[in-house]
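Taken in sequence, the protein lines are chains B and C.
Just so you know, we're using this note's numbering here: the first sequence kicks off at 1 and counts up by one.
Just so you know, we're using this note's numbering here: the second sequence kicks off at 528 and counts up by one.
Remarks on the structure that follows.
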Amino acid sequence: MSSTMVTGSVETHHAAGSGFSLKEWVFTTDHKRVAVLYMVGAFAAFLVAGIMAILMRTELASLGPTVTDNPSAYNTWLYFHGAAMILGYQIPALTGFFANYYVPLMIGAKDVAFPRVNALSVWLFWMGIVVALLTFVIPDPPDIMWTGYPPYSIITGGNTAFYTFTVLLMGFSSIAAGVNFITTIIYMRAPGMTWSKLNIFIWCTLAAFIIQIIFVPVLGVAVTMLSLDKYLGTHFFNAAAGGSALIYENLFWFYSHPAVYVIFLPAVGLIYEIVATFARNRIFNHMKMVYYGIFGVLALTGVVWAHHLYTAGIPNWMVLIHVFTTLMISIPVGLLMIGLVGTLYKGSIQYATPMLYAAGFLFLFLIGGLTGIPNAMSAIYMHLTDTYWMPGHFHYVMAVSMTTAILGGTYYVLPKMTGRMYSETLGKLGFFLFFIGVNITFMFTLIMGVKGLPRRYYDYQQFPELEWMQQWATIGSYIILLGALVVLVSWLHCVFFGKKVGPNPWGSRSLEWTHAPRPPSGNFGGR
Amino acid sequence: MKIFKRLIAGGALLLPAAVSEAAEGGAAVPDITEGWHHLWQELLLDITIIGIIFAAVTLYLLIRYRRRKEGEEGKASRLSPLASLGWVLIPAFIFLADDVFLAAKNFELWNKMREVPEGAYEVKVEAYMWGWDITYPGGATATNEIRVPEGTPIKVSLTSRDVVHSFFIPDFKVKWDTVPGMETYLWFYPKTAGEHVMTCAEFCGVLHSSMHGKVIVMPEAEFENWIEENTPRNKEA
Ligand code: HEM
Ligand SMILES: [Cu+2]
Ligand SMILES: [Cu+2]
Numbered sequence: 001m002s003s004t005m006v007t008g009s010v011e012t013h014h015a016a017g018s019g020f021s022l023k024e025w026v027f028t029t030d031h032k033r034v035a036v037l038y039m040v041g042a043f044a045a046f047l048v049a050g051i052m053a054i055l056m057r058t059e060l061a062s063l064g065p066t067v068t069d070n071p072s073a074y075n076t077w078l079y080f081h082g083a084a085m086i087l088g089y090q091i092p093a094l095t096g097f098f099a100n101y102y103v104p105l106m107i108g109a110k111d112v113a114f115p116r117v118n119a120l121s122v123w124l125f126w127m128g129i130v131v132a133l134l135t136f137v138i139p140d141p142p143d144i145m146w147t148g149y150p151p152y153s154i155i156t157g158g159n160t161a162f163y164t165f166t167v168l169l170m171g172f173s174s175i176a177a178g179v180n181f182i183t184t185i186i187y188m189r190a191p192g193m194t195w196s197k198l199n200i201f202i203w204c205t206l207a208a209f210i211i212q213i214i215f216v217p218v219l220g221v222a223v224t225m226l227s228l229d230k231y232l233g234t235h236f237f238n239a240a241a242g243g244s245a246l247i248y249e250n251l252f253w254f255y256s257h258p259a260v261y262v263i264f265l266p267a268v269g270l271i272y273e274i275v276a277t278f279a280r281n282r283i284f285n286h287m288k289m290v291y292y293g294i295f296g297v298l299a300l301t302g303v304v305w306a307h308h309l310y311t312a313g314i315p316n317w318m319v320l321i322h323v324f325t326t327l328m329i330s331i332p333v334g335l336l337m338i339g340l341v342g343t344l345y346k347g348s349i350q351y352a353t354p355m356l357y358a359a360g361f362l363f364l365f366l367i368g369g370l371t372g373i374p375n376a377m378s379a380i381y382m383h384l385t386d387t388y389w390m391p392g393h394f395h396y397v398m399a400v401s402m403t404t405a406i407l408g409g410t411y412y413v414l415p416k417m418t419g420r421m422y423s424e425t426l427g428k429l430g431f432f433l434f435f436i437g438v439n440i441t442f443m444f445t446l447i448m449g450v451k452g453l454p455r456r457y458y459d460y461q462q463f464p465e466l467e468w469m470q471q472w473a474t475i476g477s478y479i480i481l482l483g484a485l486v487v488l489v490s491w492l493h494c495v496f497f498g499k500k501v502g503p504n505p506w507g508s509r510s511l512e513w514t515h516a517p518r519p520p521s522g523n524f525g526g527r
Numbered sequence: 528m529k530i531f532k533r534l535i536a537g538g539a540l541l542l543p544a545a546v547s548e549a550a551e552g553g554a555a556v557p558d559i560t561e562g563w564h565h566l567w568q569e570l571l572l573d574i575t576i577i578g579i580i581f582a583a584v585t586l587y588l589l590i591r592y593r594r595r596k597e598g599e600e601g602k603a604s605r606l607s608p609l610a611s612l613g614w615v616l617i618p619a620f621i622f623l624a625d626d627v628f629l630a631a632k633n634f635e636l637w638n639k640m641r642e643v644p645e646g647a648y649e650v651k652v653e654a655y656m657w658g659w660d661i662t663y664p665g666g667a668t669a670t671n672e673i674r675v676p677e678g679t680p681i682k683v684s685l686t687s688r689d690v691v692h693s694f695f696i697p698d699f700k701v702k703w704d705t706v707p708g709m710e711t712y713l714w715f716y717p718k719t720a721g722e723h724v725m726t727c728a729e730f731c732g733v734l735h736s737s738m739h740g741k742v743i744v745m746p747e748a749e750f751e752n753w754i755e756e757n758t759p760r761n762k763e764a
């Protein structure tokens, strides 16, 4: 990892990359371009799903109809918001965009192991995005929420097949990427890049992909069975014919709980990279965090799914086991947090925008993690489940925390990707709007949950006393929207007007920063 | 009971409350709603303490170690093998201890929630898109309004006519899914007369948010009258 690996100069790369060619982008197999394709798709999904969030929040701002008098419209927004935020935005941003950009650069490889498979992954993902967006075009859009529980998803007039195909496309994309990146990390490391020298982000990404290739097929099976039931007359989930809705619920969460860690692990890996760089410090207890934190999560991730089903009618012994395993997973996650906070100790923290996001992450994830403990406890969960407490909790722990990692991570790579620096003023303004907004919105969301307001409600006539809290949550969402616009402006400003920068504007010690900005195809002075 | 309430209000030191409850009740019906509030308070205290400690340490480090001059480097030294193991095992042990403690507390309440007390009055509820059909032991029926006598534990047997719904009474802190092809149940203990919201908590289609009704807790005598009047055989007579 010495700087002697840096060859090629800034000029030659610019020459190579000058002029925009659509053909080059469509047929690209260069991991850095694939990363950009993922980035654009993921943020597009974030934008559209974000607009749905604003529509929902506006609808909820007053009792009775506000934006629409048709509950189905709300249900479709919510379906799209949930599915697109998870499958179209967070997973692809973390295991597509950042994995593609960083993995080869951090391990000293020329590219991924199978560059063409990589192109296949990203285009499958884009097809998934397109199919998901068709929700707004077809006459009978899916209205089954991102969980798609039968029998409703089977008897609904909505088009469940679009749900099935969106999930399958995203799923195939993830499996292909998983095979690719696991191979890359095992076999493509530069000489001397031993396992113990790998960045923590690489370990996190490896673990995330291991989870993906084990669990995604289960989700694929579940959603395929849904469409078979609906369109081809099978009876997997039809109680009248001996099937059971609970089979689906178990299969769904068997994947979708691990999916949370597919998002969490790379995100926390990014935050580690950012904190280590901006605190100019060694990572606190590095290998122990890898072994006990990351592998602890990996070990437990497959045996906690039934905490989504305590009151669904599963046998009591399953509840007992999952209460315990779920509480246990707080241990490796807690260790990973201690490692992050410990990395601040005796550091020299520079508060550039990425570091602000990392600091925000520490607080948002703390609230998210702690509000998860009551959920693990079946007796407390009985009241909280399927109330606003749940969206409150998972927006803190996943939606918002992981978004700080994604936005912070994007500010962090921007100078590398573009060779230009963003405006710190705009960057910081965006962060503070976002941070204030999410706390207003989701603190009220949590409280409304404790008061008993069920989630996925188009209206709340039976809880008129909560209207003022809904209004505060809506105000918060407008502040978030403002923040998101500032972020977007700051990125565009950076790409077009940012000041040119050298190879290592952050003074990072990690390998990927030792070569020129906008590394050429083939990376390390490659051809 | 007063002592019990005062202890909850106090928030902290909740262990003795559990003892007094056991001592007081004997074979009495456990108040699971009270139990929920009690455990919830305890839990809030637990997570608030952890949260404040973590947040305070984080905030301190973030401020204390801000960069003061250009080009400054972090000075953390490598942990000794013993310290590095200690920083895993000690926090892990603390978390584990807290987890075991919480799990034990949880199961104590959970078992009560899942064990219907003897002599409970059983009401059958069938969920459908989008409402609740209620049937009483004598054959009386109602829709969306469950009338129950005060001071008696109520068992609700749950079925579904079409899709998965979830029967939820926020005030009593109980909820359970209704699943096609299955009979599930929950129970609650209405101690005083009054009205409570009952509402659907599992997404079930277009009118999910309108699928609500009432639990009306009536004085025993009034309830007897009502059921008398509404039981079919009496009506016919
Ligand atoms: C930051 C701005 C956001 C706002 C204002 C927002 C708002 C909302 C609202 C109002 C709901 C529906 C509550 C209900 O009726 O039950 C919801 C649900 C949801 N949100 Fe967000 N959200 C945001 C970001 C995100 C992000 C970044 C994710 C990424 C994972 C996300 C994932 C979800 C999911 C999975 C659901 C549940 C969908 C369902 O119930 O099926 N949200 N959000
Ligand atoms: Cu329902
Ligand atoms: Cu419902």
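C-beta: ideal position from N, C-alpha, C; glycine also.
- request: State yes or no: is the beta carbon of Ile349(B) nearer than 8 Å to at least one beta carbon in chain C?
  value: With 8 Å as the cut-off, Ile349(B) counts as an interface residue toward chain C.
query: Hey, Ile681(C) and Tyr648(C) are a contact pair by Cβ (cut 8 Å); roughly how many whole angstroms apart?
result: Confirmed, about 5 Å.
message: Under 7 Å: does the beta carbon of Val122(B) sit that close to some heavy atom of ligand 1?
response: no
message: Measuring only the C-alpha atoms, how far is Gly157(B) from Gly392(B)?
response: 30 Å
message: Would you say the beta carbon of Phe694(C) is closer than 7 Å to some non-hydrogen atom of ligand 3?
response: The answer is no for Phe694(C).
message: Quick check: is the beta carbon of Leu629(C) nearer than 8 Å to any beta carbon in chain B?
response: yes
query: How about Gln461(B): is its Cβ closer than 7 Å to a heavy atom in ligand 1?
result: no
field: Cβ-heavy atom distance, His739(C) to ligand 3, below 7 Å
entry: His739(C) Cβ: outside cutoff for every heavy atom of ligand 3.
field: Lys651(C) beta carbon less than 8 Å from that of Gly562(C)
entry: no
query: Any chance the segment 591 to 599 of chain C sits against the segment 339 to 358 of chain B, with 3 or more Cβ pairs inside 8 Å?
result: yes
task: Grab the span of the beta strand (DSSP E) containing His739(C) for me, first residue to last.
output: 739 to 745
task: Could you list the residues in the segment 385 to 399 of chain B with a C-beta less than 9 Å from some C-beta on chain C, going in chain order?
output: Within the segment 385 to 399 of chain B, the residues whose Cβ lies closer than 9 Å to some Cβ of chain C are Thr385, Asp386, Thr387, listed in chain order.
query: At a Cβ threshold of 8 Å, is Pro680(C) touching chain B?
result: no
task: Flag Trp703(C) as yes if its beta-carbon sits less than 8 Å from any beta-carbon of chain B, otherwise no.
output: yes
message: For chain C, check one thing: does any of its Cβ atoms lie closer than 8 Å to the Cβ of Arg282(B)?
response: yes
task: Can you give me the start and stop residues for the alpha helix (DSSP H) that Cys528(B) sits inside?
output: For residue 528(B) there is no data in the structure shown, the boundaries of chain B being 1 and 527.
message: Please classify Gln461(B) as buried or exposed, where buried requires at least 16 neighbouring CB atoms within 10 angstroms.
response: exposed
Runs of beta strand (DSSP E) lying entirely within the segment 241 to 319 of chain B, each at least 3 residues, in chain order: none
Where Lys700(C) falls: helix, strand or coil (DSSP): coil
task: Anything in the segment 321 to 339 of chain B with a Cβ closer than 8 Å to a Cβ of chain C? List those residues in chain order, please.
output: When C-beta distances to chain C are compared with 8 Å, the residues of the segment 321 to 339 of chain B below that value are Val323, Phe324, Leu327, Met328, Ser330, Ile331, Gly334, Leu335, Met337, Ile338, in chain order.
message: Less than 8 Å between CB atoms is the rule here; does Ala549(C) satisfy it with respect to chain B?
response: Its pLDDT being 43, under 50, Ala549(C) is placed unreliably in this model, and the coordinates cannot settle the point.
query: Mapping DSSP to helix, strand and coil, what is Ile673(C)?
result: strand
- prompt: Pick from Phe201(B), Leu120(B), Met225(B): whose alpha carbon is nearest that of Leu251(B)?
  reply: Met225(B)
query: Taking the C-alpha atoms as reference points, what is the distance between Lys718(C) and Val333(B)?
result: 42 Å
field: Contact between the segment 92 to 111 of chain B and the segment 30 to 46 of chain B (3+ Cβ pairs under 8 Å)
entry: yes
task: Return the first residue and the last residue of the beta strand (DSSP E) that Thr474(B) is part of.
output: Taken as a continuous stretch (DSSP letters only), Thr474(B) belongs to no beta strand (DSSP E), being part of the alpha helix (DSSP H) at 467 to 497.
task: For the alpha helix (DSSP H) holding Phe715(C), just list the boundary residues, first then last.
output: It is not in any alpha helix (DSSP H) - Phe715(C) instead sits in the beta strand (DSSP E) that spans 711 to 715.
message: Taking the alpha carbon of Thr441(B) as the reference point, which residue from Ala53(B), Lys451(B), Gly339(B), Asp140(B) has its own alpha carbon closest?
response: Distance check between Thr441(B) and each of Ala53(B), Lys451(B), Gly339(B), Asp140(B) places Ala53(B) closest, using alpha-carbon atoms only.
DSSP-derived helix/strand/coil call for Met377(B): coil
- prompt: Is DSSP giving His723(C) helix, strand or coil here?
  reply: strand
field: Val189(B) - DSSP class collapsed to helix/strand/coil
entry: Note that residue 189(B) is Arg in the sequence shown, not Val. Of the three classes helix, strand and coil, the one that applies to Arg189(B) here is coil, per DSSP.
task: Taking C-beta pairs closer than 7 Å, name the residues in chain B that Glu600(C) reaches, listed in chain order.
output: Arg280, Ser348
Any 3 or more C-beta pairs closer than 8 Å across the segment 254 to 269 of chain B and the segment 191 to 207 of chain B: yes
message: Between which residues of its own chain and Ser693(C) is the CB-CB distance below 8 Å, once the five residues before and five after are set aside?
response: Lys702, Trp703, Asp704, Thr705, Cys727, Ala728, Glu729
query: So Thr327(B) packs on Met289(B), CB below 8 Å; how close in whole Å?
result: The question names Thr, yet the displayed sequence has Leu at residue 327(B). About 20 Å; that fails the 8 Å criterion.
field: For Ala654(C), the first and last residue of its enclosing beta strand (DSSP E)
entry: 648 to 655
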